[in-house]
Amino acid sequence: MPAQQPAYLAMLAHPSLDFPVRRMMRVARERVAEPQPRIALVSVDIAVPATASNAARRALHETFGAALRLYVVTTDKSSDSVTFRIEVTGHTLDEVLSALTRALPAATLGRAGRGTPPSLRLT
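Counting along the sequence shown from 1, when you hit position 118 you're at 118 in our numbering, and nothing is skipped either side.
Here's what the structure looks like:
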C-alpha cells in the first residue's frame with residue numbers, strides 16, 4: 001500500500017491553482033524547512049567608576065565595534081559610577097569578558113549570560 005501524501009502536496013497538484021500560486025507555496029514551504037542561523041548573544045551588566053559615561057562608552061565601542069548594543073542603565077553621582085548593560089553578538093562569553101577586563105580594568109562586572117537576540121529567535 002503506497003504512503004499517503006501530505007495535504008500540501010495534494011493542494012499543489014490541484015488543477016485549480018495556477019502556476020504562480022503553486023510556486024509561492026513551494027517557496028514558502030522551502031523557507032520554513034530551512035533552519036535559520038543563530039547568532040550568539042552575550043549580555044553583561046557593568047559598573048564603571050566615573051561621573052560621565054562618555055569615556056567608557058567610547059572604550060566599549062572601540063573594543064566591540066558594530067557587534068555592540070549599549071544601554072546606560074544608571075548614572076549615580078553620589079557614588080561616582082555609571083552602570084551599563086551591553087549586548088554583544090558574534091562572540092563567546094569568554095571572549096567578551098576578556099575584552100571587557102582589558103578595555104575597562106576598573107569596571108565591576110555583574111550578571112552575564114548567553115542567548116539569542118530577540119529579533120532572531122525562532123518561533
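Beta carbons are placed, not taken as given, at the ideal position from N, Cα and C, and that holds for glycine.
Problem set entry | Length-filtered (3 minimum) beta strand (DSSP E) runs lying within the region 38-95 | Every beta strand (DSSP E) of 3 residues or more that sits fully in the region 38-95 is shown, in chain order, as 41-49, 68-76 and 81-89.
Exercise. If we count the other Cβ atoms within 10 Å of its Cβ and call it buried at 16 or more, is alanine 106 buried or exposed?
Worked result: On the sequence shown, residue 106 is found 106 positions in, with the first residue counted as 1. Alanine 106 comes out exposed.
Problem set entry | Cα-Cα separation, alanine 103 to threonine 63 | The residue you call residue 103 lines up with position 103 of the sequence shown. The residue you call residue 63 lines up with position 63 of the sequence shown. So the alpha carbons of these two residues sit roughly 7 Å apart.
Exercise. Over what stretch of residues does the beta strand (DSSP E) that includes alanine 112 continue unbroken?
Worked result: Working through the sequence shown from its first residue, we reach residue 112 at position 112. Taken as a continuous stretch (DSSP letters only), the beta strand (DSSP E) holding alanine 112 covers 108-115.
For this session: Just tell me which of Arg69, Thr92 and Thr51 has its CA closest to the CA of valine 85.
Result: To locate residue 85, count along the sequence shown from 1; it is residue 85. Before going on, a small fix: residue 85 reads as arginine here, not valine. For arginine 85, the closest alpha carbon among the candidates Arg69, Thr92 and Thr51 is that of Arg69.
Exercise. If we count the other Cβ atoms within 10 Å of its Cβ and call it buried at 16 or more, is valine 72 buried or exposed?
Worked result: Residue numbering aside, residue 72 sits at position 72 when the sequence shown is read from its first letter. Flag for valine 72 reads exposed.
Exercise. For leucine 104, which of helix, strand or coil comes out of DSSP?
Worked result: Walking along the sequence shown from the start, residue 104 turns up at place 104. Coil at leucine 104, not helix or strand.
Exercise. Buried or exposed: alanine 56, going by 16 or more other Cβ atoms within 10 Å of its Cβ?
Worked result: Mapped onto the sequence shown, residue 56 falls at position 56. It counts as buried.
Exercise. Residues in its own chain within less than 7 Å of leucine 60 by CB, not counting five upstream and five downstream?
Worked result: One-based indexing of the sequence shown puts residue 60 at position 60. Contacts found: Leu68, Leu70, Ile86 and Ala103.
Exercise. Between glycine 110 and the rest of its own chain, which residues show a CB-CB distance below 6 Å, the 5 nearest in sequence each way excluded?
Worked result: Counting from 1 along the sequence shown, the entry for residue 110 is found at position 110. Asp45, listed in sequence order.
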